[in-house]
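A.B. asks: Sharing a structure, written as structure tokens. Questions coming.
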Amino acid sequence: MTDRAKWVRRPYFYAALLISLVALAIPVSEGIASSTPNTATAPIEKHALNCGYPTGHQQIGKVRFIREKDNSIIVDVTFYGADPTHHDRLDLNYNEFNRVDPPYCSHYTTLGDHLKVFDGRFHKVFKVTGVSQWYNQFWIDGYNADTGLYDQSTQVKI
3 MTDRAKWVRR PYFYAALLIS LVALAIPVSE GIASSTPNTA TAPIEKHALN CGYPTGHQQI
63 GKVRFIREKD NSIIVDVTFY GADPTHHDRL DLNYNEFNRV DPPYCSHYTT LGDHLKVFDG
123 RFHKVFKVTG VSQWYNQFWI DGYNADTGLY DQSTQVKI
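This is the structure in structure tokens:
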């Protein structure tokens with residue numbers, strides 16, 4: 003009778019084991035597939051230039067970064083409190099080695115030149131193609147030729 007009881011309970015044990023393994027595997031596979039977020043938003047700080055690290059200055063806008071499957075980067079920039087003048091240049095920068103001390107502040111590309119910022123407001127979407135998958139920490143800075151100062155976002159990891 004003991005042998006019969008073991009034989010009857012065995013399929014239930016294997017079924018429970020299989021269900022448990024499948025339940026554990028689903029979150030793990032999702033975590034591996036999306037280990038790096040593909041969208042991030044950062045504030046833009048007024049008169050700040052610190053390699054994308056926060057300075058505590060007034061927030062005057064936001065930037066949203068989106069990494070697409072082909073490794074293109076969409077950069078959606080909104081200023082709502084910038085100096086009412088023009089930004090001579092808006093640049094995309096990256097932290098090449100993902101280091102903090104010392105930070106590696108590297109220019110990636112210029113997003114736009116001679117961008118007009120009337121009444122402190124500006125919105126534009128840029129697409130940057132051919133970005134290496136190894137570059138994953140970005141920020142923007144805008145140089146204001148009239149004041150000689152920069153407005154800069156904080157770094158994001160995408």
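Adding 2 to a residue's 1-based position in the sequence shown gives its number in the working numbering.
The C-beta atom is built at its ideal place from N, Cα and C for all residues, glycine as well.
#1: Which residue comes first and which comes last in the beta strand (DSSP E) that contains Phe67?
#2: Enumerate in chain order the residues of its own chain whose CB-to-CB distance from Asp121 is below 8 Å, with the five nearest sequence positions on each side excluded.
#3: Exposed or buried, what is Val127 when buried is set at 16 or more other beta-carbons lying within 10 Å of its beta-carbon?
#4: Taking Ala42 as part of the beta strand (DSSP E), name the residues at either end of that continuous run.
#5: How should Ala147 be labelled, buried or exposed, when 16 other C-beta atoms within 10 angstroms of its C-beta is the threshold for buried?
#6: According to DSSP, what are the bridge partners of His79?
#7: Let's test the definition: count the other Cβ atoms within 10 Å of the Cβ of Thr131 and tell me whether it reaches 16, buried, or not, exposed.
C.D. replies: The short version:
#1: The count along the sequence shown starts at 1 and reaches residue 67 at position 65. 61-69 is the extent of the beta strand (DSSP E) around Phe67.
#2: For the purposes of this step, residue 121 is taken as residue 119 along the sequence shown, with counting starting at 1. Excluding positions up to five away in sequence, the list reads Pro86.
#3: For the purposes of this step, residue 127 is taken as the residue at position 125 of the sequence shown. The residue is exposed, with fewer than 16 neighbouring Cβ atoms inside 10 Å.
#4: Taking the sequence shown and counting its residues from 1, the one referred to as residue 42 is at position 40. Start and end: 41-47.
#5: Taking the sequence shown and counting its residues from 1, the one referred to as residue 147 is at position 145. Label assigned to Ala147: exposed.
#6: Here residue 79 refers to the residue found at position 77 of the sequence shown. Note on residue identity: the sequence assigns Val, not His, to residue 79. Answer by DSSP bridge pairing, in chain order: Val65, Lys126.
#7: Here residue 131 refers to the residue found at position 129 when the sequence shown is read from its first residue. Under this definition Thr131 is an exposed residue.
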